[in-house]
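Peer 1: Following the numbering used here, the numbering of the sequence shown begins with 525 at its first residue and continues without gaps.
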Amino acid sequence: MKILIAGGGIGGLGAALALGRRGHEVRVFERAAEFPEIGAGIQLGPNVFKMFDRLGIRAQMLDLAAIPRALVMRCALHGHEITRVPLGEGFQARFGQPYAVIHRGDMHGVLRQACMAQPGITLATGRAARDYSRIGQQVALYFEDGSSERGDVLVGADGLWSRIRTAMLGAERPVVSGHIAYRAVLPMAEVPEGIARDEVVLHAGPRLHLVHYPLRRGELMSLVAVFHSTEYSEGWDQAGDPALLQKHFARTRPELRAMLGEIETWKYWVLCDREPKRGWQDGRAVLLGDAAHPMLQYLAQGANMALEDALCLADMLDALPVEQALAAYEEARMLRTGRAQSMARIHGEIYHAADVRAELRDAMLMDRAPEAAWEGMAWLYDGPDWRAP
Numbered sequence: 525m526k527i528l529i530a531g532g533g534i535g536g537l538g539a540a541l542a543l544g545r546r547g548h549e550v551r552v553f554e555r556a557a558e559f560p561e562i563g564a565g566i567q568l569g570p571n572v573f574k575m576f577d578r579l580g581i582r583a584q585m586l587d588l589a590a591i592p593r594a595l596v597m598r599c600a601l602h603g604h605e606i607t608r609v610p611l612g613e614g615f616q617a618r619f620g621q622p623y624a625v626i627h628r629g630d631m632h633g634v635l636r637q638a639c640m641a642q643p644g645i646t647l648a649t650g651r652a653a654r655d656y657s658r659i660g661q662q663v664a665l666y667f668e669d670g671s672s673e674r675g676d677v678l679v680g681a682d683g684l685w686s687r688i689r690t691a692m693l694g695a696e697r698p699v700v701s702g703h704i705a706y707r708a709v710l711p712m713a714e715v716p717e718g719i720a721r722d723e724v725v726l727h728a729g730p731r732l733h734l735v736h737y738p739l740r741r742g743e744l745m746s747l748v749a750v751f752h753s754t755e756y757s758e759g760w761d762q763a764g765d766p767a768l769l770q771k772h773f774a775r776t777r778p779e780l781r782a783m784l785g786e787i788e789t790w791k792y793w794v795l796c797d798r799e800p801k802r803g804w805q806d807g808r809a810v811l812l813g814d815a816a817h818p819m820l821q822y823l824a825q826g827a828n829m830a831l832e833d834a835l836c837l838a839d840m841l842d843a844l845p846v847e848q849a850l851a852a853y854e855e856a857r858m859l860r861t862g863r864a865q866s867m868a869r870i871h872g873e874i875y876h877a878a879d880v881r882a883e884l885r886d887a888m889l890m891d892r893a894p895e896a897a898w899e900g901m902a903w904l905y906d907g908p909d910w911r912a913p
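1) Quick check on Ile870: buried or exposed, where buried means 16 or more other Cβ atoms within 10 Å of its Cβ?
2) By the DSSP assignment, the alpha helix (DSSP H) with Gly826 in it spans what residues?
3) Assuming contact is defined by CB atoms lying nearer than 9 Å, are Leu841 and Met575 in contact in what I supplied?
4) My assumption, with CB atoms under 8 Å, is that His733 sits in contact with His602. Please give the rounded CB distance.
5) Check whether the region 645-652 and the region 528-546 are in contact - that is, three or more C-beta pairs closer than 8 Å.
6) Give the DSSP bridge partners of His876, in chain order.
7) Could you check whether the region 892-904 touches the region 613-627, counting it as contact only if at least three pairs of C-beta atoms, one from each stretch, sit closer than 8 Å?
8) Evaluate Ile659 with the Cβ neighbour count: other Cβ atoms within 10 Å of its Cβ, from every protein chain shown; 16 or more gives buried, anything less gives exposed.
9) Closest to Leu595 by C-alpha separation, out of His727, Gly535, Ala695, would be which residue?
10) Who are Ala594's beta bridge partners in DSSP?
11) Does DSSP put Gln848 in a helix, a strand or coil?
12) Since Tyr623 is in the beta strand (DSSP E), which residue starts that stretch and which ends it?
13) Quick check on the burial criterion: 16 or more other C-beta atoms within 10 angstroms. Buried or exposed for Trp903?
14) With C-beta atoms as the reference, is Leu795 less than 9 Å away from Val725?
15) At what residues does the alpha helix (DSSP H) containing Met575 begin and finish?
16) Take Ile606 as the anchor and find which of Gly742, Gly535, Gly729 has the nearest alpha-carbon.
17) Sort out for me which residues DSSP pairs Arg885 with in a bridge.
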């Protein structure tokens, strides 16, 4: 089949690779003049390594990733450790896969190179999707410049502000969480003393948190600082105000403020998601990744879920006639992605707890054995599991 994909991010390229490896002709249309490499770190759970295996890109991802020693939560105000989840041999024995962190640009680059090496996949930039329509047994994709393309299937992988979703489900603004995320990277040599360099650490505080972890084999430190705000704006590559960030983090530990102070240039975005909702398919058009189920970042699963979508979609198209396959794909993915969307919101409340709620959080997590922590993650990391009808 000829498959059109609107959006050249991680989900779009993952879908292109999964479908191209099955022998389909795939055309990817990216709005930007170049394929985007913006962003900083991405966390890779065991569930996505299963997708890397199937896409044939596991070795390339591991070559560029860092393997952290543990997931750690600390108090941003007082510094005590709240919980620690080891990621070593026990974790990998339990889940059969590692936990890693990678620069978004590196991950995107691996997918892009794999697509370019795959016969039948074409990547086009500067093609902004606007709308689509059904035309008999085909689907037409229309672009903002007035041009169009026809194919057998259209995959809307154009993100949170998806034009394909709007055309399919109507105009509906994302849900604004009230949280703003500032992101940056820092050379590891400039990280102040007292900051762990080989762990994923989340410093939790009232209405804020800071996450940091190593990137590019430990050469860089990725930082994401989140705080509550009433600001609302579209996009996720805007210049942040260091003074505003320091103001929100003024009560946090001195080593955290020292690390934030090392960075002069921040990018920020307003955290948004949507309510889980059915209706990802319309004839031969279907949604994938953030276009279908955007989620807050608190489970670190947005990119992982998009790649799960990609493999599930390819499997269903192998097994069933097109429109049945798209419906089966939605059904197979709906509850898992809806659970991830819902749990991400809950995790945000846990991270940003204050006063007695924070004390309750600490009391519940402090004495947790590693095995108990792993089992709490099992619903996410043991998956995905779908069966083509």
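For each residue, glycine too, the CB sits at the ideal point set by N, CA and C.
Peer 2: The structure says:
1) exposed
2) 826-843
3) no
4) Between His602 and His733 the Cβ distance is about 14 Å, and since that is not below 8 Å, they are no contact.
5) yes
6) Bridge partners of His876: none, in fact.
7) yes
8) exposed
9) His727
10) Pro610
11) helix
12) Neither: Tyr623 is in no beta strand (DSSP E) and is coded neither H nor E.
13) exposed
14) no
15) 570-579
16) Gly729
17) Arg885 is not bridged to any residue.
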